[in-house]
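What follows is one structure encoded as structure tokens, with my remarks underneath.
In the working numbering, the protein residues as written are -9 to 267.
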């Protein structure tokens, strides 16, 4: 993310709110109305923080202020703008909510941790790093990581998804049914939250690959030598590549998640396949 900060007046309609950068579980309508009243009285609020990726303006901080402006039927708003990516906006939103603004609920804190764990690179960070980044305790990070892992290993059919309830608790939910007390999540954001399940499978495949090499080098391992070992490596590598290619990584920049040829109509883009072995 660029460190160069610009100030500009943007059309509110051009600011994207659908990129997973809203880390809070929900907006506080009372606060929106209070901000709108104070704006009407002439109070000047800090500018919302927006990240521009060359095409889209992603709102990273200032959701209550922007909705207050909308409540007043304003069409533009003064913003602080830096160059970056949607991913930068998510990180900025997590850090902004952790350091200022309204007091966060447990659901808000858990949502921040889930957003970190849904990112392939960030999820590999230590629990201490994630806790410091999200402004939460390490015990919460450990609990959410464990719950996501358990959800990924659910014996239920289909792909399990992690959903945040209104009480801030993380519960498994499935595409075939939605809990009555769980807030609706955008299907693409739900898929991105499920990325941790793919990572669990990939990690286990790496363990299988390592164990296979160990067995081949041990007593009686000659059975796995030569052609059989080559076949073993190829099968494990192919399984890893298939999972890696299918793992949700980010919302498609071409269609915004609606589905197109670039993302094969699934709504997200997949990373380049990295060989396992």
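Glycine included, C-beta positions come from ideal geometry on N, C-alpha and C. This one's a predicted model, so the numbers in the text were calculated from it and none came from an experiment.
Inset, instruction - Taking all protein chains shown into account, decide if residue 235 is buried (16 or more other Cβ within 10 angstroms of its Cβ) or exposed. - result: Here residue 235 refers to the residue found at position 245 of the chain shown. So residue 235 ends up on the exposed side.
Legend entry - Beta-carbon spacing of residue 11, residue 79 below 7 Å: Within the chain shown, residue 11 is the residue found at index 21, counting from 1. Within the chain shown, residue 79 is the residue found at index 89, counting from 1. Yes, Cβ-Cβ distance for residue 11 and residue 79 is below 7 Å.
Legend entry - Three-way DSSP call (helix, strand, coil) for residue 245 in this model: Position 255 of the chain shown, counted from the first residue, corresponds to residue 245. Residue state, collapsed to three classes: coil.
Inset, instruction - Compare the C-alpha of residue 22 against each of 70, 41, 81 and 92 and name the closest. - result: Stepping through the chain shown from its first residue, residue 22 is reached at position 32. For the residues 70, 41, 81 and 92, the minimum Cα distance to residue 22 belongs to 92.
Legend entry - Residue span of the alpha helix (DSSP H) that contains residue 124, given as start and end: Counting from 1 along the chain shown, the entry for residue 124 is found at position 134. Run containing residue 124: 117 to 124, per the alpha helix (DSSP H) assignment.
Inset, instruction - Determine contact between the segment 37 to 51 and the segment 105 to 124, defined as no fewer than three beta-carbon pairs at a distance below 8 Å. - result: no
Inset, instruction - Answer yes or no: do residue 102 and residue 84 have a C-beta to C-beta separation smaller than 7 Å? - result: Within the chain shown, residue 102 is the residue found at index 112, counting from 1. Within the chain shown, residue 84 is the residue found at index 94, counting from 1. Yes.
Legend entry - Neighbourhood of residue 62 by C-beta, 8 Å cutoff - its chain only, sequence neighbours within 5 removed: In the chain shown, counting from the first residue as 1, residue 62 sits at position 72. Correct list, in chain order: 26, 29 and 30.
Legend entry - Spatially closest choice to residue 233 from 252, 194, 216 and 65, by CA coordinates: Within the chain shown, the letter at position 243 stands for residue 233. Cα-wise, what sits closest to residue 233 is 194.
Inset, instruction - Answer yes or no: does any C-beta atom of chain C fall closer than 7 Å to that of residue 20? - result: Absent here is chain C; the protein component of the structure consists of one chain.
Inset, instruction - Please go through the same chain and pick out, in chain order, the residues whose beta-carbon is closer than 6 Å to the beta-carbon of residue 343, but skip the five residues on each side of it. - result: Residue 343 falls outside the range modelled here, since the chain spans only -9 to 267, and no answer is possible.
Inset, instruction - Please state if the CB of residue 51 and the CB of residue 86 are separated by a distance shorter than 7 Å. - result: Looking up residue 86 in the chain shown gives position 96. Looking up residue 51 in the chain shown gives position 61. Yes, these two residues count as a Cβ contact at 7 Å.
Legend entry - residue 284 and residue 186 closer than 7 Å at C-beta: Residue 284 lies beyond the range of the chain shown here (-9 to 267); nothing can be said about it.
Inset, instruction - Within the same chain, show all residues whose beta-carbon is closer than 8 Å to that of residue 45, passing over the 5 residues directly before and after it, in chain order. - result: Here residue 45 refers to the residue found at position 55 when the chain shown is read from its first residue. Here the set comprises 243.
Legend entry - Cβ neighbours of residue 4 in the same chain (closer than 7 Å, five flanking residues each side left out): Position 14 of the chain shown, counted from the first residue, corresponds to residue 4. Answer for residue 4: 47, listed in chain order.
Inset, instruction - Can you give me the start and stop residues for the beta strand (DSSP E) that residue 213 sits inside? - result: By 1-based counting over the chain shown, the position of residue 213 is 223. Premise fails: residue 213 is in no beta strand (DSSP E) and is neither H nor E.
Inset, instruction - Give the DSSP-derived three-state secondary structure of residue 58 in the structure shown. - result: Within the chain shown, residue 58 is the residue found at index 68, counting from 1. Helix, per DSSP.
Legend entry - Identity of the residues DSSP links to residue 51 by a beta bridge: Taking the first residue of the chain shown as position 1, residue 51 is located at position 61. In the DSSP output, where bridge partners are listed per residue, residue 51 has 39.
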